[in-house]
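A.B. asks: In order, the protein sequence lines correspond to chains A and B.
So for the first sequence, our numbering puts the first residue at 838; every next one is plus one.
So for the second sequence, our numbering puts the first residue at 838; every next one is plus one.
2 protein chains.
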Amino acid sequence: MEERLMRLGTLSTHSFKAHLDRVRLQTSRQTERLWIEYPEAVAIIPMISDHEILLVRQWRYAAGEETLEIPAGKTDYGESPEEAASRELMEETGYSADTLKLLTRYFPAYGYSNEIINLFAARGLTRKGDITAIDEISKVEILSSDELFRLVMEGQIMDAKTIIAASLLKAGILKSD
Amino acid sequence: MEERLMRLGTLSTHSFKAHLDRVRLQTSRQTERLWIEYPEAVAIIPMISDHEILLVRQWRYAAGEETLEIPAGKTDYGESPEEAASRELMEETGYSADTLKLLTRYFPAYGYSNEIINLFAARGLTRKGDITAIDEISKVEILSSDELFRLVMEGQIMDAKTIIAASLLKAGILKSD
């Protein structure tokens, strides 16, 4: 258990915040904790078949590069993770899904963020329109699970949630019944 | 490509920072980006055998709970990822390793952090002493890969790097030659 003693500062955007806190550690020593307060988030593994998935190309400001990732985003206010997953899938790929199955919920950066990602497998995909998240996404691509895992192992895909998706595919966890 | 127009604010600890920037998006629209500037980091999968690994129990302030994770930490100034992995393994578990193999390098939180984690498999483990990172770690535990993967799928382990480790173990990627 760590106890917050004082809030030293906060930076805010319209959708999340960073806080700097003075805290007391389990050993009674005091230190500072800088952490991100983040809304619940979702990521989607869009299964075109048991061995092919959709990925999106996008620019990542913090990393300073273009990436290939599974679709993902924050929940909007009042929205369930399932609703957010449907919306983000449509906005970022133009596809809708017949079923969304929650695979796992996890913290991507335990050390400095309270973000939780709800990871879904999406099946029964139908193309309904174009990408609308054009501020973020430049292109949608279809990759086989073998190709995806190869890009991970070669270091060409460096995104944690996409590495988790590739590893679950490789482990045979996502096969339909 | 996104272009930084102005730095609006920064919060700092002794080891990393949060910045709020005004940026111009690819579509020319302007927005704000809040992001963490973080040193290179390491995580270690300590392989007791092909089917057993070491995990550490620790308190996570941002998440407000105790967790079970693979050992991990930041590189110190001037330290290579391999050196940091050896040091963190020793500090957090009391074990040293004969070999450290780099499995992958990835971004845990592309959306708001430039942190890169170097993920290593450690083999030839020998207990050399006690945990010295007592501000962070309360206990070391040995888990089988089946038990680890079960805890992930049941939602009892929610740490991204530990989920990646469990999935790579499950996929048979970490078997010794």
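No residue lacks a Cβ here, since even glycine has one placed at the ideal position from N, Cα and C.
Out of curiosity, what's the CA-to-CA distance linking B/PRO883 and B/THR969?
C.D. replies: By 1-based counting over the second sequence, the position of residue 883 of chain B is 46. By 1-based counting over the second sequence, the position of residue 969 of chain B is 132. Spanning the two alpha carbons is a distance of roughly 17 Å.
A.B. asks: Can the beta-carbon of B/TYR932 be found less than 8 Å from the beta-carbon of B/LYS911?
C.D. replies: Residue 932 of chain B sits at position 95 when you count from the first residue of the second sequence. Residue 911 of chain B sits at position 74 when you count from the first residue of the second sequence. Going by C-beta atoms, B/TYR932 is not nearer than 8 Å to B/LYS911.
A.B. asks: Which whole runs of the alpha helix (DSSP H) in the stretch 858-928 of chain A are 4 residues long or more, in chain order?
C.D. replies: none
A.B. asks: Taking A/LEU956 and A/THR941 to be in contact with their CB atoms under 8 Å, please state how far apart those CB atoms are, rounded to whole angstroms.
C.D. replies: Taking the first sequence and counting its residues from 1, one reaches residue 956 of chain A at position 119. Taking the first sequence and counting its residues from 1, one reaches residue 941 of chain A at position 104. Going by Cβ atoms, the distance from A/LEU956 to A/THR941 rounds to 5 Å, so yes, they are a contact pair.
A.B. asks: Name the two residues that bound the continuous beta strand (DSSP E) containing A/LEU962.
C.D. replies: As a working mapping, residue 962 of chain A is identified with position 125 in the first sequence. That run of the beta strand (DSSP E) goes 954-964.
A.B. asks: If you follow the alpha helix (DSSP H) that B/GLU1005 is part of, which residue opens it and which one closes it?
C.D. replies: The residue you call residue 1005 of chain B lines up with position 168 of the second sequence. A small correction: the amino acid at residue 1005 of chain B is Leu; Glu does not occupy that position in the sequence shown. That run of the alpha helix (DSSP H) goes 997-1007.
A.B. asks: Suppose you measure from the CA of B/ILE1000 to the CA of A/ILE954; what does that come to, to the nearest Å?
C.D. replies: Within the second sequence, the letter at position 163 stands for residue 1000 of chain B. Within the first sequence, the letter at position 117 stands for residue 954 of chain A. Each residue's alpha carbon lies about 12 Å from the other.
A.B. asks: Could one say the Cβ of A/VAL893 lies closer than 8 Å to chain B's Cβ atoms, at least one of them?
C.D. replies: Position 56 of the first sequence, counting from 1, holds the residue named residue 893 of chain A. Cβ-Cβ to chain B under 8 Å: no for A/VAL893.
A.B. asks: When you compare each of B/LEU988, B/VAL977, B/ASP996, B/PRO918 to B/ALA958 by their alpha carbons, which one comes out closest?
C.D. replies: Locating residue 958 of chain B in the second sequence gives position 121, where the first residue counts as 1. That would be B/PRO918, whose Cα lies nearest to the Cα of B/ALA958.
A.B. asks: Between B/ALA922 and A/PRO945, is the Cβ-Cβ spacing less than 8 Å?
C.D. replies: Sequence index remark: in the second sequence, residue 922 of chain B carries index 85 (1-based). Sequence index remark: in the first sequence, residue 945 of chain A carries index 108 (1-based). No; because the gap between Cβ atoms is not below 8 Å, this pair is not in contact.
A.B. asks: Which residue or residues does DSSP assign as beta-bridge partners of B/PHE944?
C.D. replies: As a first step, residue 944 of chain B must be located in the second sequence, where it is residue number 107. Answer is A/ASP996, bridged to B/PHE944.
A.B. asks: On a Cα-Cα basis, can you pick out the residue from B/ARG861, B/TYR898, B/MET990, B/PRO876 that is closest to A/ASP972?
C.D. replies: On the first sequence, residue 972 of chain A is found 135 positions in, with the first residue counted as 1. Checking every option, the nearest Cα to that of A/ASP972 belongs to B/ARG861.
A.B. asks: On a CA-only basis, which of A/GLN993, A/VAL989, A/LEU980, A/LEU988 is nearest A/HIS888? Give me that one, please.
C.D. replies: Here the question's residue 888 of chain A lines up with position 51 in the first sequence. Selected option, being the one with the closest Cα: A/LEU980.
A.B. asks: Between A/ALA970 and chain B, is any beta-carbon pair separated by less than 8 Å?
C.D. replies: Position 133 of the first sequence, counting from 1, holds the residue named residue 970 of chain A. Not an interface residue.
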